[in-house]
Ligand SMILES: Nc1nc2c(ncn2[C@@H]2O[C@H](COP(=O)(O)OP(=O)(O)OP(=O)(O)O)[C@@H](O)[C@H]2O)c(=O)[nH]1
Ligand SMILES: [Mg+2]
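In my numbering, the protein residues as written are 318 to 662.
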């Protein structure tokens, strides 16, 4: 089983370059002074959060990251070149944890562009020029560069989204994501079409928020059934859960209960997170059944239920209205495209 949302990697910053021992040699100067330059600093290990990445899958293939060492100093007081910093790009929402018992949090990258220097490169060694004093004019003293630092760390991804989609496989989560966002998630008439989380941005009535679509859950997911519940970590940090219940299923209310049971089983306060419920595939059932199911689900969940049909774009508007109202200022205001003074002339 692959844990795409967690990876263990080895990082090492570069060692400093050695200082040089050198003496000036010029044609008519008999005793040139010392001119050995300092070594260059080793490269740092830097993590940077970038937008557009949703998984840590790449870290399954590349697990070792070493920044280059600094170059040695040289004569004529030339300092060695610094080793280039190694920038490791990770998805926004990645946490860096120590490989200790408590998994101590070392860094939490929550915004695109955020950078942390995890390990500094070793300083370069001093060249012999730097040891020159009035009493020692021809020092041969110099230093090797300091070694870099190294460690194993865990990367753990918890996507940052405002709303997390939940539901059984085939409930219509990805179809909904595609209907309301810029995302183009894979949709399929079979369970587990979605194998990794996907984010999409909703723009509605001058407001913006982010939705996370995660793989479907099945009964026993908290104990590893299906593809388990590890992707639930991605909705841990959302403000709101949008629970999608397939209205065309035989027992929609029962499927709602199954997912709720898995949330309880997972823990981490997920079961206490605010929830909205949407009854999907409303186009496949008649008005009577729709009304009856909505009522039963409202009673069971204690929440208002929104019947929707993503392909027909029915029921979407009131649902998005309710979400932005619920999110309040968390749904950022966006500049509306200015069409007011558009003119064909
Ligand atoms: N008629 C109808 N079909 C829908 C609707 N929403 C989704 N579907 C269909 O239901 C099937 C499953 O949709 P997906 O969006 O892939 O479901 P999912 O919840 O993302 O499924 P997993 O990724 O497997 O968990 C696809 O064949 C969709 O075309 C809907 O509102 N009406
Ligand atoms: Mg899907």
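Even glycine gets a Cβ: it sits at the ideal position worked out from N, Cα and C.
- Item | Endpoints, alpha helix (DSSP H) assigned at residue 496 | 490-497 is the span of the alpha helix (DSSP H), which, as asked, contains residue 496.
- Query: Rounded to a whole number of angstroms, what is the C-alpha to C-alpha distance between residue 650 and residue 486?
  - Reply: Roughly 33 Å separates the two Cα atoms.
- Query: What is the DSSP secondary structure of residue 446, counted as helix, strand or coil?
  - Reply: Under the three-state reduction of DSSP, residue 446 is assigned to helix.
- Endpoints, the alpha helix (DSSP H) within which residue 612 is located: Where residue 612 is concerned, the enclosing alpha helix (DSSP H) stretches over 604-618.
- Item | Residues sharing a beta bridge with residue 327, DSSP | Answer is 381, 469, bridged to residue 327.
- Message: Buried or exposed, going by whether 16 or more other CB atoms sit within 10 Å of the CB of residue 534?
- Response: So residue 534 counts as buried.
- ligand 1 heavy atoms versus the CB of residue 498: any closer than 7 Å? Checking every heavy atom of ligand 1 against the Cβ of residue 498, none is found closer than 7 Å.
- Task: Please name the residue in 609, 531, 399 whose C-alpha comes closest to that of residue 387.
- Result: Ranking the options by Cα distance to residue 387, first place goes to 399.
- Task: Just mark residue 507 as buried or exposed, buried being the case when its beta carbon has 16 or more other beta carbons within 10 Å.
- Result: Its Cβ having fewer than 16 others within 10 Å, residue 507 is exposed.
- Looking at C-beta atoms only, is the number of pairs between the stretch 321-333 and the stretch 542-553 that lie closer than 8 Å three or more? Flag = yes, the stretch 321-333 and the stretch 542-553 touch.
- Could you say which of 359, 588, 516 lies nearest to residue 461 if we only look at CA atoms? It is 359.
- Message: Let's test the definition: count the other Cβ atoms within 10 Å of the Cβ of residue 333 and tell me whether it reaches 16, buried, or not, exposed.
- Response: Around the beta carbon of residue 333, 16 or more other beta carbons lie within 10 angstroms, which makes this residue buried.
- Which of the three DSSP states, helix, strand or coil, is assigned to residue 551? Reduced to three states, the DSSP call for residue 551 is helix.
- Where residue 318 and residue 576 are concerned, what is the direct C-alpha to C-alpha distance, given to the nearest angstrom? Bear in mind that the predicted position of residue 318 carries a pLDDT of just 32, short of 50, making it too unreliable to give a figure here.
- How big is the Cα-Cα spacing for residue 440 and residue 366? About 26 Å.
- Item | Cβ neighbours of residue 424 in the same chain (closer than 8 Å, five flanking residues each side left out) | Closer than 8 Å at the Cβ level, and outside the excluded window around residue 424, lie 364, 412, 413, 433, 435.
- Message: Judging by CA-CA distance, which residue of 415, 496, 620, 544 is the nearest neighbour of residue 632?
- Response: Just measuring C-alpha positions, the residue of 415, 496, 620, 544 sitting nearest residue 632 is 496.
- Query: Apart from the five residues on each side of it in sequence, which residues of its chain come closer than 6 Å, Cβ to Cβ, to residue 312?
  - Reply: A question about residue 312 goes unanswered here, because the residues of the chain that appear run from 318 up to 662.
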